[in-house]
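Report on the following structure.
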Amino acid sequence: MSFLRLDDIHKSFGEQVVLAGISLAVEEAQTLVLLGPSGSGKTTLLRILAGFERPERGRVEIDGRDVGGLKPARRNFGMVFQHYALFPHLTVAQNIGFGLAARGTKGPELDSRVGEMLELVELAGFEARAIHEISGGQQQRVALARALAPAPRVLLLDEPLSNLDPGLRERTRRQLRSVLRRVGITAIWVTHEQQEAFDVGDRIALLDDGRVQQLGTAEDLYARPVSPFVADFVGHSSWLRGRGDGTGRVVLAPGVSWEVSCDGDPPAGEVDILLRPEDARLVDPAAGALVGTVRQTRFVGHTTYVEVELAGGALVLVTSVHVPARETKVGVEPLGGRPSPRAFERGSGDR
Amino acid sequence: MMSPSRAQKWLGIGLAAVLAWLVGYPLLITLAEALGLPAALDLGAFEEFARRPDEWLALWQSLWISVASVLLAAVIGVPLGFLFARNEFPGRRLLGSLVILPVALPPLVGVIAFLFLYGESGLLTRSVQLVLGLTSAPWRLDGPGAILLVHAYSMYVFFYLFTRAALARFDASVLEAAASLGAGRRRTMTRVTLPLLMPALVGAALLTFMTALGSFSAPYLFGGGFRVMPTQIVVSKLNGQLAMARVETVMLAGVAFFGLWLVRRLDSGGQTTAGGVRGVAPGRRRLQSPGARVAAAVAGWALALFLLLPHMTLILISFVPPVSWTTEFFPPVLNGDNYRTLLAETERLRPVFNSLWMALVATAVALGLGGLAARLTLVLKGRLGRSLELLLAIPWAIPGTVFAVALAMTFSVRAAWMGRFVLVGTVWILPLAYIVRSLPLTGRSALAGLRQFDTRLEEAAASLGAGWSYTWRRVILPLLKPALAAGASLAFITTLGDFVTSVVLYTYDTRPVSVEILSSLRLQDTGVAAVYGVFLMVVSATIFLLWGRQEDV
Ligand SMILES: Nc1ncnc2c1ncn2[C@@H]1O[C@H](COP(=O)(O)OP(=O)(O)OP(=O)(O)O)[C@@H](O)[C@H]1O
Ligand SMILES: [Mg+2]
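If you want it as structure tokens, here you go:
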């Protein structure tokens, strides 16, 4: 039995259906990432969990108990807001102690818990500062400490890093992740960045169109996407066309056939084949390989991306240690020793 | 911001000199003369003041009336601000406009409207008397109670507007943060909302205090034996006790400055805007239960009726022909006689014409001076810029009576080499006084507008080859228009209906509408007084609703 369960959550604003039946489960002390494009309803789902919005339908359960009827103040869900929402008239320590004081904690007990939280987020010595006297990254950590101080049952984070500049973002991400692990709290973390999702999530739910498109580990989403949409959303994807023969092989061109994997029966008919850049290699343009022309090369440090235009006009991105000259003819084939490329029947999902 | 040119510096110095002569100089002259200067330092007049219990009483009554006005205005205005900012109910928008109308009613007009409504033979008083079968009026509209009633009616608007504006700037997620941390409604209100509202409330309190401290019409008409400083000053002056009037003026100005200083100190308590990006303001809660919706609507319309009753009474009385209404519950005859009387006699139209031209001239000059001063304040910065800003602000903090008396004393002496001329008794003194009273309104609006103005636009225009006049015409003025229009409207309304300075400085030829209202009342010509009142009310309300509000909250 999972610690936190969402069951069939529906939510609309006027005519617009934002959530059309969301069901999710999170294990205790794990971090679930809600990933999705802008406007996909991530914040809305989080606000439903926190009790700020009411779903038209569906249940929110913790430890088997329905919390749908509880007001935000009674729910004991901590929340880290996108713009922090720190109280500008209170000091760092007063901000962190706010939730404890609201529950009647006072005196030395309050102070010691606030001190503990300051240690946790590495802000000891900042307790007396006003909010506008600390940096953005520090404000972020105060927001985290404030949410964690009353020992909430679940921590909700809405794009906690989106206000920071890129360099700071990565460092703060690591700090946040390690704090979550140390505290051992169940967390739901909203982001629209795939990198961030992969880094912090034990599991990831990809939201789109009001539904959970896929729920799984980072590896699941990347290597075994259930739809072209998921494949496109996480990592780079090149798409090739072919025709399945019903035995697990797909013919891509006269004399060229690849082994593919898929969910369900081996495809027979038109398919789209997903090729990740690191799952393919460049070979001599001999028989048995797809042949194309090198259009561009992009050196990014640890590897080079080579963009190849195939005979049919499709573009394929391949990583390569060797850098071929532009406009040379090359062959492309799947890298051996890895799972075979995924195939999706034509018309499955919106490509 | 571009750095100031030589020409701008000289312009700044010249403008500072003009403003100092208009604003600072009369106050200094009054202070110096109260101290017996230039002959010799003589504190006799102050000692006389200190010996007289009625002076202390007036000072004390001024103070407590002002503090009580602040409290009353807050008790009405703040909840009203919350109601309109946080809830959605039928008629909210229309009521939202009505609720601010009292602030556009010239004080004297408000006072006579209250007189016609709640006075001894007022509409409501009569009704109650007739219904209950009493032989005399059930209450008397005089003394501190009457003054506070009028103050509460007109000044709650400051609290209402400040509260609404502050709530509109509120970050909703801060409230949600409090809730998610376990704070209930009460705790969120006392620990989060009210502290964050504090700067706005302090600002409203200051504005209310200053307005109440300088309030003249209500104590003058309703006070009877109950004296406050502004009425005390005018009485002293009318009785020819000039030395005492000077000291009283200095004392009242001192209290005003002290109030200003005190609140500024309290206000600088801390920064209350969060760093980083702000979220959006909380949305309005639609009242869900039918009961609550009906209750809100009924309460809203009852409030609107209460707010509009004085206006409606004024209009009604303006249609009651002379001596036609004696003991009846409702006036038996209504016709346009009063309007016809007024239109038929040029002498009676004179005040209307006077008020219009003086208000127009004063507004135009104040707009030019205030706009220029605001601009130079920002361009020059430094000491000169700060002096300009201070000179713009002073007339705002100083009660109208103080200015009127100071101008009367300064410009009744001929000493051209000291910058003093005999203007009292001429056509020029009233427009001059109006300009001084308007300067803070136009100047501060222009300053607020210019502060929001992105100076890079000006630089962009310059880089595109636009000269300064083109830049002003095509870029700066169009963007400043809302702020300037708001400032000019307020200045026009204030001067058009001005009573407090006019009553001290008018001459027969320049008598404005407000003074004429008073003399009509004295001649028992209530109908004509009401017509004048309707004129001021309609013009003021129209201008205020069209241009008076810089931003729609
Ligand atoms: N209070 C509201 N009233 C009306 N529509 C709303 C409201 N809140 C959200 N929406 C709409 O619901 C949709 C989902 O919004 P939501 O904020 O949940 O998206 P999101 O996934 O968090 O997006 P982002 O990544 O941009 O933050 C949007 O189309 C939004 O316009
Ligand atoms: Mg969002």
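The listed protein sequences correspond, in order, to chains L and H. Position 303 (the first sequence) corresponds to 303 in my numbering; numbering is contiguous. Position 476 (the second sequence) corresponds to 1476 in my numbering; numbering is contiguous. A virtual CB, placed ideally from N, CA and C, is assigned to each residue, including glycine.
Secondary structure of residue i, DSSP reduced to three states
i          : result
Met1421(H) : According to the sequence shown, residue 1421(H) is Phe rather than Met. Phe1421(H) falls in the strand class under three-state DSSP.
Tyr305(L)  : strand
Gly1487(H) : helix
Asp8(L)    : strand
Lys329(L)  : strand
Ile1076(H) : helix
Val1294(H) : helix
Glu170(L)  : helix
Gly255(L)  : coil
Asp202(L)  : coil
Glu56(L)   : coil
Asn163(L)  : coil
Val300(L)  : coil
Ala1034(H) : helix
Ala130(L)  : strand
Arg146(L)  : helix
Glu1176(H) : helix
Gly1270(H) : With a pLDDT of 45 at Gly1270(H), under the threshold of 50, the predicted position of this residue should be treated as unreliable, though the coordinate-derived value follows. Three-state DSSP puts Gly1270(H) in coil, outside helix and strand.
Ser1318(H) : helix
Ala1168(H) : helix
Val33(L)   : strand
Ser1069(H) : helix
Buried or exposed by the 16-neighbour rule on C-beta atoms within 10 Å, applied to residue i
i          : result
Thr365(L)  : As displayed, chain L neither begins before 1 nor continues past 351, which places residue 365(L) out of reach and without an answer.
Val1157(H) : buried
Ser1005(H) : exposed
Lys1237(H) : buried
Leu1123(H) : buried
Phe1258(H) : exposed
Lys11(L)   : buried
Thr328(L)  : exposed
Thr31(L)   : buried
Thr1326(H) : exposed
Pro1434(H) : The amino acid at residue 1434(H) is misidentified as Pro; the sequence shows Tyr. Per the 10 Å Cβ criterion, buried.
Asn1239(H) : exposed
His302(L)  : exposed
Val1427(H) : exposed
Phe1411(H) : buried
Gly78(L)   : buried
Listed by chain order, chain L residues near residue i by CB distance under 7 Å
i          : result
Arg1086(H) : Chain L residues near Arg1086(H): none, gap ~15 Å exceeds 7 Å.
Val1174(H) : Ala85, Phe87
Val1192(H) : Phe87
Identified DSSP bridge partners for residue i
i          : result
Met79(L)   : Leu156(L)
Leu1014(H) : According to the sequence displayed, residue 1014(H) carries Gly and not Leu. DSSP, once it has assigned bridges, lists no residue as partnering Gly1014(H).
Glu61(L)   : Arg5(L), Asp66(L)
Leu84(L)   : Residue identity differs from the one stated: residue 84(L) is Tyr in this sequence, not Leu. In the DSSP output, where bridge partners are listed per residue, Tyr84(L) has Phe81(L).
Asn1239(H) : For Asn1239(H), which the question treats as bridged, DSSP gives no partner whatsoever.
Val318(L)  : Val306(L)
Phe13(L)   : Gln16(L)
Trp239(L)  : Leu274(L)
Asn1087(H) : Arg1285(H)
Neighbouring residues, chain L, relative to residue i (Cβ below 8 Å)
i          : result
Asp1171(H) : His83, Ala85
Arg1187(H) : Ala102
Residue i: contacting residues in chain H (beta-carbon distance under 7 Å)
i        : result
Gly99(L) : Leu1181, Gly1182
Residue i: contacting residues in chain H (beta-carbon distance under 9 Å)
i        : result
Gly64(L) : Residues of chain H passing the Cβ test: none, with the nearest at roughly 22 Å.
Phe52(L) : Glu1176, Ala1179, Ser1180
Ala73(L) : Ala1178, Ala1179, Ser1180, Leu1181, Gly1182, Ala1183, Gly1184, Arg1185, Arg1187, Thr1188
Under 8 Å by beta carbon: chain H residues contacting residue i
i         : result
Met79(L)  : Glu1176, Ala1177, Ser1180
Pro150(L) : Leu1181, Gly1182
Amino acids of chain L, ordered along the chain, whose beta-carbon sits closer than 9 Å to that of residue i
i          : result
Leu1196(H) : Phe87, Pro88, His89
Across the segment 1438-1451 of chain H and the segment 1368-1387 of chain H, are there enough close Cβ pairs to call them in contact, namely three or more that are closer than 8 Å?
Taking 8 Å as the limit for Cβ pairs, the verdict is that the segment 1368-1387 of chain H does touch the segment 1438-1451 of chain H.
Quick check: the segment 1349-1359 of chain H against the segment 1325-1338 of chain H, are there 3 or more CB pairs under 8 Å?
no
At least three beta-carbon pairs within less than 8 Å, the segment 1124-1137 of chain H to the segment 1186-1204 of chain H:
no
Using 8 Å as the cut-off, can you tell me whether the segment 1173-1193 of chain H makes contact with the segment 1090-1110 of chain H, which would need three or more C-beta pairs spanning the two stretches below that distance?
The segment 1173-1193 of chain H, when compared against the segment 1090-1110 of chain H, does not touch it at the 8 Å Cβ threshold.
Could you say if the segment 1160-1167 of chain H and the segment 1108-1123 of chain H meet the contact criterion of at least three C-beta pairs nearer than 8 Å?
no
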